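First to last, the protein sequences are chains A and B.
Under the working numbering, the residue at position 10 of the first sequence is numbered 443, and the numbers go up by one with no gaps.
Under the working numbering, the residue at position 199 of the second sequence is numbered 1003, and the numbers go up by one with no gaps.
Backbone N, C-alpha and C define an ideal beta-carbon position, used for all residues, glycine too.
Computed from a predicted structure; not experimentally measured.
Encoded as structure tokens, the structure appears first; notes follow it.
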Amino acid sequence: MDQPIVIEAIMGSQTDPTLAERLHDISHHGVVEVLFVEPADLPRRRFHSHTDRGTACFVSLPRATQLFDGAVLHLENDRAIILRVGQQNWLRLRPSDDGAMELGYLAGNLHWKVRFEEGCLMVALDRPVEEYRARLVDLQSAGKVSVVE
Amino acid sequence: MRKIGAARIGIGGPVGSGKTALVERLIPALHKRGVDLAVITNDLVTHEDAERLRRTNLLAPERILAVEAGACPHTVIREDPTLNMEAADSLDRDFPDLDLILIESGGDNLASTFSLDLVDYWLFVIDVAGGDDIPRKRGPGVIQSDLLVINKVDLAPYVGVTLAPMIREASAARAGRPVLCTNCRANEGIDAVADALCAAVLYQAA
Ligand SMILES: Nc1nc2c(ncn2[C@@H]2O[C@H](COP(=O)(O)OP(=O)(O)OP(=O)(O)O)[C@@H](O)[C@H]2O)c(=O)[nH]1
Ligand SMILES: [Mg+2]
Chain A
434 MDQPIVIEAI
444 MGSQTDPTLA
454 ERLHDISHHG
464 VVEVLFVEPA
474 DLPRRRFHSH
484 TDRGTACFVS
494 LPRATQLFDG
504 AVLHLENDRA
514 IILRVGQQNW
524 LRLRPSDDGA
534 MELGYLAGNL
544 HWKVRFEEGC
554 LMVALDRPVE
564 EYRARLVDLQ
574 SAGKVSVVE
Chain B
805 MRKIGAARIG
815 IGGPVGSGKT
825 ALVERLIPAL
835 HKRGVDLAVI
845 TNDLVTHEDA
855 ERLRRTNLLA
865 PERILAVEAG
875 ACPHTVIRED
885 PTLNMEAADS
895 LDRDFPDLDL
905 ILIESGGDNL
915 ASTFSLDLVD
925 YWLFVIDVAG
935 GDDIPRKRGP
945 GVIQSDLLVI
955 NKVDLAPYVG
965 VTLAPMIREA
975 SAARAGRPVL
985 CTNCRANEGI
995 DAVADALCAA
1005 VLYQAA
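Structure follows, in structure tokens:
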């Protein structure tokens, strides 16, 4: 049985100049592996997973540490592991003039994660889009919200 | 391996679904697996569940802390989990070798979820007597939890529930993420839950 690589600290970002240089070197004579994490799982600090090369990892970070895209998790002579966050999908909603308050209320009440962009409400999709659309049917049929995509 | 504090597991679910009963069964099951354990219970305005756990003598009393949730049990596990985080931090300080802290939420409704700031993994306990339509109602607790536990399977014949379709619907609603069945009264299905928790958050060979 393979022992998982234990990751107890983030070494830095892959864009830090010294780390970038190390990663560049390793990519020539070794391998830079990628550990993928879904956006919804990014707050996690303790979990088992596998890199794209099948290497077992046990992430066990201090509570104050926060994972981020491009975090360098592991460095050895001929192997590095970096974290990559899966793409966050958004639903872009445009409220009508009299629909904005109701849409804001709905999103807050359902604990949706949102951003505002050019008069639209952007909803982060942590679950299948149908679950979000189903909650919007009433506002849509009342003409108070349109789904821009 | 360097110690960075115990793993934290949340146990949520509706009132009376069997959260404390599951904790009572998990304690010996986890001890058998060599897990150094502590428990935090959340009640509205009492320490009822903590007192009940202490009376079982399954754990040293100082390893069982109570948090009073006030009127809103989900607030202290989601919007502002500070009280529970402080309780867990104090257990980490008092028991440096602790592997795992179980945090039982106060009984709530199907919408309660745990913040990942508080826990590393969380399970949601529903029971057969609540009705086989619960999974279809797609409450956030049922859908988003890392593990769904359907408890009181022994009661299925008495409440007109057929288990197989209920499990199927629960799995479908959760897009295939794990669902386990337990009968806490007769200590059935507990080992599978204990194994799932250990596999998720404790160091072990892959
Ligand atoms: N028949 C049967 N009864 C159970 C089972 N699990 C729990 N119970 C009973 O259900 C009742 C509620 O169980 P608890 O463990 O107190 O439930 P809880 O979810 O902790 O309740 P709150 O913390 O008040 O929300 C108790 O009377 C238990 O004895 C089970 O698997 N089968
Ligand atoms: Mg209880």
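Legend entry - Beta carbon proximity, B/Val1005 to chain A, threshold 9 angstroms: It does: the Cβ of B/Val1005 has a partner Cβ on chain A nearer than 9 angstroms.
Legend entry - B/Ala811 at chain A interface by Cβ criterion, 9 angstroms: Interface residue, yes.
Legend entry - Any C-beta of chain A under 9 angstroms from that of B/Ile844: Closer than 9 angstroms: no.
Legend entry - 8 angstroms CB neighbourhood of B/Gln1008 in its chain, flanking five on each side removed: Excluding residues within five positions, the ones whose Cβ falls inside 8 angstroms are Cys1002.
Inset, instruction - Give me the Cα-Cα distance between A/His544 and A/Asp511, rounded to the nearest whole angstrom. - result: Taking the straight line joining both Cα atoms gives about 44 angstroms.
Inset, instruction - State the DSSP-derived secondary structure class of A/Val556, mapped to helix, strand or coil. - result: Under the three-state reduction of DSSP, A/Val556 is assigned to strand.
Inset, instruction - Could you run through the segment 917 to 930 of chain B and flag, in chain order, every residue whose CB is less than 9 angstroms away from some CB of chain A? - result: If you check each beta-carbon in the segment 917 to 930 of chain B against every beta-carbon of chain A, the ones closer than 9 angstroms belong to Thr917, Ser919, Leu920, Asp921, Asp924, Tyr925.
Legend entry - Expected contact under 8 angstroms - CB spacing of B/Asp832 and B/Gly934 to nearest Å: Strictly speaking, residue 832 of chain B in this sequence is Pro, with Asp absent from that position. A Cβ-Cβ separation of about 26 angstroms leaves B/Pro832 out of contact with B/Gly934 under the 8 angstroms criterion.
Inset, instruction - Kindly give me the distance between the Cβ atoms of B/Asp924 and B/Ala811, rounded to whole angstroms, as I take these residues to be in contact under 8 angstroms. - result: Confirmed, about 5 angstroms.
Inset, instruction - Give the DSSP bridge partners of B/Ala811, in chain order. - result: Residue pairing by DSSP places B/Ala811 opposite B/Leu904 in a beta bridge.
Legend entry - Per-residue DSSP class, three states only, for B/Thr845: Residue state, collapsed to three classes: strand.
Inset, instruction - Starting from A/Arg479, find everything on chain B with Cβ-Cβ shorter than 7 angstroms and list it in chain order. - result: Among the residues of chain B, those whose CB is under 7 angstroms from the CB of A/Arg479 are Ala811, Asp924, Val1005, following chain order.
Inset, instruction - Measure the Cβ-Cβ separation of A/Asp485 and A/Val505 and say whether it is below 9 angstroms. - result: No, the pair does not count as a contact, with Cβ atoms beyond the cut-off.
Legend entry - Span of the beta strand (DSSP E), counted from its first residue to its last, around B/Leu984: Segment 983 to 985, the beta strand (DSSP E) holding B/Leu984.
Inset, instruction - Determine, using beta carbons only, whether A/His544 comes closer than 9 angstroms to chain B. - result: So yes, A/His544 belongs to the interface.
Legend entry - chain B within 9 angstroms of A/Phe491, Cβ atoms only: At a cut-off of 9 angstroms between beta-carbon atoms, A/Phe491 makes contact with chain B.
Inset, instruction - Indicate whether at least one CB of chain B lies closer than 9 angstroms to the CB of A/Val470. - result: Judged by the 9 angstroms Cβ criterion, A/Val470 is not in contact with chain B.
Legend entry - Cut-off 7 angstroms between Cβ atoms - residues of its own chain near B/Ser975, not counting five sequence neighbours on either side: Around B/Ser975: Val983.
Legend entry - CB contact check: B/Ile881 to chain A, cutoff 9 angstroms: No, no contact with chain A.
Legend entry - Which listed residue (B/Lys941, B/Pro877, B/Ile938, B/Asp937) has its alpha carbon closest to that of B/Val849: Comparing Cα-Cα distances from B/Val849 to each of B/Lys941, B/Pro877, B/Ile938, B/Asp937, the minimum goes to B/Pro877.
Inset, instruction - Below 8 angstroms between beta carbons is the criterion; list the residues of the segment 435 to 461 of chain A that meet it against any residue of chain B, in chain order. - result: With the criterion set as a beta carbon lying under 8 angstroms from some beta carbon of chain B, the members of the segment 435 to 461 of chain A are Asp435, Gln436, Pro437, Val439, Glu441, in sequence order.
Inset, instruction - Please determine if the segment 468 to 487 of chain A and the segment 512 to 527 of chain A are in contact, where contact requires at least 3 C-beta pairs separated by less than 8 angstroms. - result: The count of Cβ pairs closer than 8 angstroms, one atom from the segment 468 to 487 of chain A and one from the segment 512 to 527 of chain A, reaches three, so the stretches are in contact.
Inset, instruction - Could you name the residues of the segment 932 to 961 of chain B whose beta carbon sits closer than 8 angstroms to any beta carbon of chain A, in the order they occur along the chain? - result: Of all residues in the segment 932 to 961 of chain B, the ones placed with a Cβ closer than 8 angstroms to any Cβ belonging to chain A are Arg942, Pro944, Ile947, Gln948, in chain order.
Inset, instruction - Would you check if the segment 955 to 967 of chain B and the segment 834 to 850 of chain B touch, i.e. whether three or more CB-CB distances between them fall below 8 angstroms? - result: No: the two stretches stay apart, fewer than three of their Cβ pairs being nearer than 8 angstroms.
Inset, instruction - Determine whether the Cβ of B/Ile808 lies closer than 9 angstroms to any Cβ atom of chain A. - result: Against chain A, the CB of B/Ile808 has a partner CB under 9 angstroms away; the residue lies at that interface.
Inset, instruction - Flag B/Ser949 as yes when its Cβ comes closer than 8 angstroms to any non-hydrogen atom of ligand 1, and as no otherwise. - result: For B/Ser949, the CB stays at least 8 angstroms from every heavy atom of ligand 1.
Inset, instruction - Kindly indicate the opening and closing residues of the alpha helix (DSSP H) around B/Glu852. - result: 852 to 859 is the extent of the alpha helix (DSSP H) around B/Glu852.
Legend entry - Touch test, the segment 882 to 889 of chain B against the segment 822 to 837 of chain B, Cβ-Cβ under 8 angstroms, three pairs minimum: Because the criterion of three Cβ pairs below 8 angstroms is not met, the segment 882 to 889 of chain B and the segment 822 to 837 of chain B do not touch.
Legend entry - By C-beta, the residues closer than 7 angstroms to any heavy atom of ligand 2, given in chain order: Going by the Cβ distance cut-off, the answer is B/Lys823, B/Thr824, B/Thr845, B/Asp853, B/Glu908, B/Gly911.
Inset, instruction - Would you kindly work out how many angstroms separate the C-alpha atoms of B/Val963 and B/Asn987, rounded to a whole number? - result: The straight-line gap from Cα to Cα measures roughly 15 angstroms.
Legend entry - Residue burial classification, A/His457 (beta-carbon count within 10 angstroms, cutoff 16): A/His457 is exposed by the Cβ-count criterion.
Legend entry - Closest Cα partner of A/Gly445 within the set A/Gly532, A/Arg548, A/Asp502, A/Asn522: For the set A/Gly532, A/Arg548, A/Asp502, A/Asn522, the Cα lying nearest the Cα of A/Gly445 is the one of A/Asp502.
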